[in-house]
Amino acid sequence: MEYSVMEQYWIWLSSVEGIGPRRFYRLLSQFGDARAVWDRVGDQGMDFLGPKALRSLREARTEEFFFRLFAGMERAGMRAVTRIGEGYPESLSAIHDPPPTLYVRGEASLSAGRMFAVVGSRQATRDGKRAAREFSATLAREGVCVVSGLARGVDTCAHEGALEGGGATIAVLGSGADIIYPPENEALAERILENGGAIVSECAPGARPAPGNFPARNRIISGLCEGVVLVEGSQTSGAMITAGLAAEQGRDVFAVPGSIYAPLSAAPNRLIFDGAYPALSAWDILEHYRWAARPAARAEKARAFALDEEERLLFEALAKQELSFDELSALSKFPASKLNSLLTSLELRGIIVKAPGGIYRAYQ
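For the sequence shown, our numbering begins at 2 and goes up steadily by one.
Listed below in structure tokens is the structure:
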């Protein structure tokens, strides 16, 4: 990808370790543009950076650093989207401390008409994981690009659900876009790219994950989207931070309610108490934005499938909650061979879905 000369210096400056958005924009305010910063590295007017960031800036002011940066992006199949170039999302320009540069792998537009964030706990419960998958799959089937953070738990299920729904999904990282974290999600990241999605970060290529990066990346997740839904989380979780940032940015905040006795329902229940929209299904979100109309009720859907008595028993059980083969066996009392035959038939007809981990659920 080709960049103008001014963009090249802009990308260089935004990639320097320790030069976050605030320092970046202050440098531009004092010196005019990124090329002038290159020309005047070491001037007395840069003392506000502090010794560590100033040392990083001096060490980065070399042709070797400059060309290594762009060669590394090319090798990783990455492009840089800057605020002074094309393709930078207007929604991000309006937030506090917008990222100067986004490093992007993949082809998904960062300015799609329908973008929505699904976030939640890394220690998600079975119900939380199910909700993340089902919400995201339904949103994706209606043309919504699901945005999340590729973290363990709810984020992983959100991306998987969007892919299951046949849609594009965007993962925003707290590391370089070429450093997948957690590492067990590398295969998921490849699926995201193969299916028209994108991996995005404001961190320079090669940047390792660091605790301070994740709260910063959360503002990008919410800033890209019309709104955000919190599936599960404690009141001090990163997902709760994302919801708070969304509210500050003027985005809509939704939350999936849960038991008052469930620790991971504390954050969404509190948000609802404080005025967030309760989301009982993805259709509450879709109807809020008039993106889609709610389909027939589940009972009508079951009748349309023309299920016999044994199939209906399984369908109605799975419509209430996800269940394993053993749990279905205990519930139905069917012999294993018969149960397997019934489940296979329902799955082939698109009535139920076999989710990761051998868990079955009704197709939403």
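Where is the CB? At the ideal position from N, CA and C, for every residue including glycine.
Within the same chain, no residue comes within 6 Å of ALA217 by CB-CB distance, once the 5 residues on both sides are set aside.
Annotation for THR170: the continuous beta strand (DSSP E) segment containing it runs 170-173.
Sequence-distant partners of GLY46 (beyond 5 residues in either direction) whose C-beta falls short of 6 Å from its own C-beta, in its chain, are GLN31. Per DSSP, the unbroken alpha helix (DSSP H) holding GLY245 starts and ends at 239-249. Contact check for TRP13 against LEU55 fails: the beta carbons are separated by 8 Å or more. In the DSSP annotation of this structure, LYS334 is not part of any alpha helix (DSSP H), being labelled neither H nor E. With the rule of 3 Cβ pairs closer than 8 Å, the stretch 85-93 does not count as touching the stretch 172-180. Of all alpha-carbon atoms in GLU187, TYR182, VAL230, LEU189, the one lying nearest the alpha-carbon of PHE215 is that of TYR182. Leaving aside the five residues that flank SER325 on each side, the residues in its chain whose CB is nearer than 7 Å to its CB run, in chain order, GLY359, ILE360. Your pair THR237 and ILE222 does not check out as a contact, with CB atoms roughly 18 Å apart and the cut at 8 Å.
Between the stretch 93-111 and the stretch 194-212, the count of Cβ pairs shorter than 8 Å is three or higher; the stretches touch. Distances from the CA of LEU111 to each of LYS130, ALA132, THR83, ARG123 were compared; the closest alpha carbon is that of THR83. For ILE353, the uninterrupted beta strand (DSSP E) segment begins and ends at 353-356. THR83 has THR102 as its beta-bridge partners, per DSSP.
Here MET74 carries a helix assignment [DSSP, helix/strand/coil].
PRO101 and LEU28 have their C-alpha atoms some 12 Å from each other.
Counting only the Cα atoms, SER333 lies some 39 Å from GLY150.
Three or more Cβ pairs closer than 8 Å define a contact, and the stretch 268-287 meets that threshold against the stretch 226-237.
Runs of the alpha helix (DSSP H) lying entirely within the stretch 17-69 and spanning at least 4 residues, in chain order: 22-32, 35-40, 52-61. Beta-bridge partners of TYR278 (DSSP): PHE255. In the three-state reduction of the DSSP assignment, GLY228 falls in the strand class.
Within its own chain, the residues whose Cβ lies closer than 8 Å to the Cβ of ALA267, once the five positions on either side in sequence are excluded, are GLY234, SER235, GLN236, listed in chain order.
Between the stretch 304-320 and the stretch 158-173, the count of C-beta pairs closer than 8 Å stays below three; the two stretches do not touch. The residue among LYS339, GLY86, ARG134 with its C-alpha nearest the C-alpha of ALA356 is ARG134.
For ARG134, there is no enclosing beta strand (DSSP E); the enclosing alpha helix (DSSP H) covers residues 127-142. PRO212 sits exposed, since fewer than 16 C-beta atoms from the chains shown fall within 10 Å of its C-beta.
Per the DSSP secondary-structure output, CYS146 pairs in a beta bridge with MET116. Of the residues ASP285, PRO258, GLU288, PRO264, the one whose Cα lies closest to the Cα of PHE274 is PRO258.
Apart from sequence neighbours up to five positions away, the residues of its chain that approach SER137 with a beta-carbon distance below 6 Å are VAL119, VAL147, ALA159, GLY162, ALA163, ordered along the chain. Taking C-beta separations shorter than 7 Å and ignoring five residues to either side along the sequence, the partners of GLN250 in its chain run ILE96, SER223, GLY224, following chain order. Taken through DSSP and simplified to helix, strand or coil, ARG271 comes out as helix. Taking all protein chains in view, the Cβ of ARG80 is crowded by 16 or more other Cβ atoms within 10 Å, so the residue is classified as buried.
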